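Contents: one structure, followed by commentary.
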Amino acid sequence: MDKNQLITAINQLKCQKNAVIMAHYYQDDDIQDIADVIGDSLALAQEAAKTEADIIVLCGVHFMGETAKIICPDKRVFIPDVNAGCSLADSCPADAFEAFVKAHPDHTVISYVNTTAAVKALTDIVVTSTNAVGIVNSLPKDEKIIFGPDRNLGNYINGLTGRSMLVWDGACHVHEQFSIEKIIQLKKQHPQAKLIVHPECKQVLQTMADFIGSTSSLIKYAKRSDCNTFIVATESGILHEMNRLCPDKTFIPAPPDDAMCACNECAFMKMNTLQKVYDCLDKETPEITIDPHLQALALKPIRRMLDITAKLSI
Ligand code: 13P
Ligand code: SF4
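Offset between the sequence shown (1-based) and my numbering: plus 763.
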């Protein structure tokens, strides 16, 4: 099938099966264009919690599909490619995290959504980069906290909130890979440009930023800013939504360190294709399944996140 035929076939299957397609901002343009919902990690979880569809096709990476399944155990959740993992989630094996948690029994455990169900099951409150600062600020000042797995996000939150959370030493290989030298060059070439940075990036890049925020926050900032040019330090798929919302502005992807390529892509996110979206809707595989006991344990901290976030009106 060519691209148009695939899009028609996906839409037909979606109607027949009462399915909804949800996509993260890092997905290929074609996938963002056919999705019913495009969002950041928080929006995808919030949409999963309220969807009336029978089937969710989660176009993102494995932990995003798993999060949707934890929230909606009675729905069927498919992901286009079961091998679409996450280096950040991989940097936090559940057994090692469990030992860390057990070594600090008087601490509240906060985990970034980029974790496996097994890590979420060890967690008190899940957060995303959109609500992490608000959720930490909602806790008493003297509360002892473990934060995992992203060291850059954890240290960023510590800096903003004045906390001393114990931070797990994990990271996202995509966000740690930006080239400071190439970004300095870009800033010289575009002196008016604002540098906007995801908090999973290294601290040295955060200190150069005009604005730091989650994917949805970066998009909102670009939209309301008077500035016309932005150097964007996060996965380059986000430029599709930025260009769609702000066609008169210029978005320059921040380049990675070691590649010839000018933009920084997450190879896991880019495993998904239109063909795989069609195949997973048609063949109803790969499907996310979770042991019911683990699902119930992992749901509690996600519910807490959704409840606190609703009060923060994010
Ligand atoms: P957000 O969509 O929450 O900003 O997360 C970015 C990310 O790395 C997702 O994998
Ligand atoms: Fe994971 Fe990083 Fe890819 Fe996001 S960009 S899915 S954190 S590897």
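By construction, the Cβ of each residue, glycine as well, lies at the ideal position given by its N, Cα and C atoms. Please read these numbers as outputs of a predicted model, since none were measured by experiment.
Could you tell me how far apart the beta carbons of residue i and residue j are, in whole angstroms, since I believe they sit closer than 8 Å?
i	j	result
residue 1068	residue 890	6 Å
residue 908	residue 871	5 Å
residue 901	residue 886	With 8 Å as the limit, residue 901 and residue 886 do not qualify as a contact, their Cβ atoms being about 16 Å apart.
residue 1118	residue 913	Examination of residue 1118 is not possible in this model, given that the chain is present from 764 through 1077 alone.
residue 991	residue 1012	5 Å
residue 782	residue 817	7 Å
residue 961	residue 996	6 Å
residue 973	residue 957	4 Å
residue 1077	residue 877	Residue 1077 to residue 877, Cβ: 18 Å. No contact.
residue 831	residue 805	No, residue 831 and residue 805 are not in contact; Cβ-Cβ is about 13 Å, not under 8 Å.
residue 803	residue 784	16 Å between Cβ atoms; not a contact.
residue 923	residue 896	5 Å
residue 1029	residue 998	5 Å
residue 842	residue 1055	In fact, because the Cβ distance is near 20 Å, the residues do not count as touching under 8 Å.
residue 821	residue 840	6 Å
residue 1000	residue 796	About 12 Å separates the two Cβ atoms, so there is no contact after all.
residue 927	residue 918	Incorrect: roughly 11 Å between the Cβ atoms, too far for contact.
residue 1037	residue 793	5 Å
residue 1071	residue 994	About 33 Å separates the two Cβ atoms, so there is no contact after all.
residue 1057	residue 881	7 Å
residue 1015	residue 981	Residue 1015 to residue 981, Cβ: 13 Å. No contact.
residue 861	residue 1053	That belief does not hold up - the Cβ atoms of residue 861 and residue 1053 are roughly 18 Å apart, past 8 Å.
residue 931	residue 855	6 Å
Within 10 angstroms of its Cβ, does residue i collect 16 or more other Cβ (buried), or is it exposed?
i	result
residue 1114	In this structure the chain extends from 764 to 1077, so residue 1114 is not present and cannot be described.
residue 1075	exposed
residue 987	exposed
residue 1004	buried
residue 1039	buried
residue 944	exposed
residue 1024	exposed
residue 866	exposed
residue 1043	buried
residue 777	buried
residue 1064	buried
residue 1008	exposed
residue 915	buried
residue 979	buried
residue 823	buried
residue 1010	exposed
residue 967	exposed
residue 815	exposed
residue 1019	buried
residue 812	exposed
residue 969	buried
residue 1073	exposed
With which residues is residue i paired in a DSSP beta bridge?
i	result
residue 911	874
residue 1030	The partner list for residue 1030 (beta bridge, DSSP) is empty, contrary to what the question assumes.
residue 782	818
residue 1015	994
residue 787	802
Verify the CB distance criterion: does residue i have a CB-CB separation below 9 Å to chain B?
i	result
residue 768	Given the protein chain composition of this structure (a single chain), no chain B is represented.
Subject >> Whole beta strand (DSSP E) elements within the region 1040–1066, 3-residue minimum >> reply: none
Original post:
If you scan the region 796–850 from start to end, which runs of the alpha helix (DSSP H) of 4 or more residues do you find wholly inside it?
Top reply: Whole alpha helix (DSSP H) segments, 4+ residues: 804–813 and 825–834.
Original post:
Hey, which residues come within less than 7 Å of ligand 2, measuring from Cβ to any heavy atom, in chain order?
Top reply: 789, 824, 849, 850, 851, 852, 877, 935, 936, 937, 938, 963, 998, 1029, 1031 and 1032
**OP:** Go through the region 864–905 residue by residue and report every complete run of the alpha helix (DSSP H) that reaches 4 residues or more, in order.
**Re:** Listed in chain order, the complete alpha helix (DSSP H) runs (minimum 4 residues) inside the region 864–905 are 880–883 and 895–900.
Subject >> beta strand (DSSP E) runs contained entirely in the region 920–979, provided each spans 3 or more residues >> reply: Segments of the beta strand (DSSP E) lying fully in the region 920–979: 957–960.
Subject >> Residues proximal to ligand 1 by C-beta, any heavy atom closer than 5 Å >> reply: Checking every Cβ against the heavy atoms of ligand 1 under 5 Å gives 803, 804, 891, 892, 977 and 978.
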